[in-house]
Amino acid sequence: MDDFDSMISEMVSEVRCTKTPRKRVAHLDYVLREHIADTWGNRLDKYIDGWKFYVVDQTRGWCKYKNKYITIPVWVLRKGRDFGIYYIAHEIAHIISGHGAKHGHKFMRAFRTICPEHLQHYETEYKPAHAAAAGIASKASEDALTAFMD
Ligand SMILES: [Zn+2]
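For the sequence shown, my numbering begins at 28 and goes up steadily by one.
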């Protein structure tokens, strides 16, 4: 188990005992931030400055512009590092593109800029039409192309 995996299992066990104390919530925010720094260095700092990241036990993640917080569902983190990075990139793309952008062109441009290329295919499982319009290929079509080129 590497650092990320142990951080994730720590977060998962924290969130399972639902009523997370304020201090632990701050800790989880810190852990996620460390992970963001691992992946993106300080390049996203200007966008996420003043924002909080909460790991929550709910179905969907949210980007709340008014109170400046993002929620990352715990099931996302259970799916492992790659999916976690993709999901965080998705939510940060909401911060960058702004409230009105929804999952439209401006959002997709931000997403494609910050999400590592080999993880962008996850977006085709979440918002297929928007992802296709932004030229993001599904995992299956990427694989077919790779097989063809080999
Ligand atoms: Zn979204």
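All residues carry an ideal CB built from backbone N, CA and C; glycine is no exception.
Thr-98, DSSP secondary structure in three states: strand
Limits of the unbroken alpha helix (DSSP H) element including Tyr-149: 149 to 153
Straight-line gap, Gln-85 to Ile-119 (C-alpha atoms, nearest Å): 18 Å
Residue environment, Ala-186, which counts as buried when at least 16 other CB atoms sit within 10 Å: Summary: the structure shown does not reach residue 186, with the chain confined to residues 28 through 177, and so no result is reported for it.
Contact check, Ala-159 vs Thr-151, beta carbons under 8 Å: yes
Check whether Cys-142 and Tyr-113 have beta carbons under 8 Å apart: yes
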